[in-house]
Every structure is written in C-alpha cells, then in structure tokens.
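Trainee: Input: one structure, supplied below.
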Amino acid sequence: MAQQPDCLFCKIVAGEIPAIVVAEDERTIAFMDINPATRGHALVVPRDHARDLFDIGAEDLAACFAAAQRLAQSMPAKLGADGVNILNSCKPAAWQTVFHFHVHVIPRYDGDPLRL
Ligand code: 5GP
Ligand code: ZN
1 MAQQPDCLFC KIVAGEIPAI VVAEDERTIA FMDINPATRG HALVVPRDHA
51 RDLFDIGAED LAACFAAAQR LAQSMPAKLG ADGVNILNSC KPAAWQTVFH
101 FHVHVIPRYD GDPLRL
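Letter 78 of the sequence shown, counting from 1, is numbered 78 in the UniProt record's numbering, and no numbers are missing.
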C-alpha cells in the first residue's frame, strides 16, 4: 500500500484514525465526511496515496468515480436523497484542503439550502 507519512486520509485508509466507512473495494474506500455539507455527505478516496487530480493514475481515478457512482446510486433508497453532487477540488485555488485525492459525494434534498 503506497502510504504518505502524515497524510490524514492515508491514516484513515490504514485504520489509524477512525472514520465511518460506508463502502470499500480493492482500490478505494468511502467514508463519511466529518463536516457534512448535507446529511450523508461521503468521500471516496484511493487506498494508494495520490495528492490530487493532477497526480492520480487513470486506474485509481476510474475506480474512485465508479465507487462514487455506486454510492450516489444508493442514496435515494438509503437516505431519501432527491439528487447528488459529485465534486473534486484540485489545489488550494480550487478549495482543496486535504492533499490525498478524494471525490465528494453529496446527497441533495429537494429545497435543501446548500449552495456550491
Ligand atoms: P477538500 O476541501 O479537500 O475538498 O475536502 C476535504 C474534506 O475532508 C472536507 O469536506 C472535510 O470536512 C473532510 N475532513 C477533514 N478532516 C477529516 C477527518 O479527519 N475525517 C473525515 N471523515 N473527514 C475529514
Ligand atoms: Zn494519503
């Protein structure tokens, strides 16, 4: 497993920092965001460290988006979501704050107040 010392999400992948894991596969893990934008907001990350969208390999990128799609598809039945936003921030200029690639999967509810 390609871990980066002092990376928060590498520590979550390794089970060294607790998180509420909602899905896992060979390449990815998904867990609840600690500061959810809406109820059920989750993050999908590759198990192997990559800093951001510019850095991640094509296979891990595809695996993350496939996992994000599966999670999104489960949200209407599991959470009563009416829609979903998928979001990635790459570099601080684009609001990235944790430098281990992640896809936000944000369930949306008719009339919810979130503005991106
Ligand atoms: P970014 O701003 O980089 O796109 O997103 C980072 C996300 O990671 C934020 O939504 C933030 O709430 C979440 N986050 C930061 N620290 C932790 C943590 O320790 N655990 C979990 N589960 N999420 C975190
Ligand atoms: Zn990492």
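Note that the Cβ used here is the ideal one computed from N, Cα and C, for glycine as well. Note that the structure is predicted; figures quoted are calculated from it, not measured.
Got a sec? Which residues, its chain only, sit under 8 Å from Asp82 by beta carbon, not counting five neighbours each side?
Mentor: Closer than 8 Å at the Cβ level, and outside the excluded window around Asp82, lie Pro76, Arg108, Tyr109, Asp110.
Trainee: Distance check for Phe65 and Val105, CA to CA, integer angstroms please.
Mentor: 10 Å
Trainee: Considering only their Cβ atoms, is the gap separating Leu116 from Asn88 smaller than 8 Å?
Mentor: no
Trainee: Quick one: what does DSSP say Pro46 is sitting in, helix, strand or coil?
Mentor: strand
Trainee: Going by DSSP, what residue range makes up the alpha helix (DSSP H) through Leu116?
Mentor: Note, Leu116: premise wrong, no alpha helix (DSSP H); not H, not E.
Trainee: If you measure from each CB to the nearest heavy atom of ligand 4 and keep those under 6 Å, what residues do you get, in chain order?
Mentor: Among the ligands in the structure shown, ligand 4 does not appear; only ligand 1 and ligand 2 can be found there.
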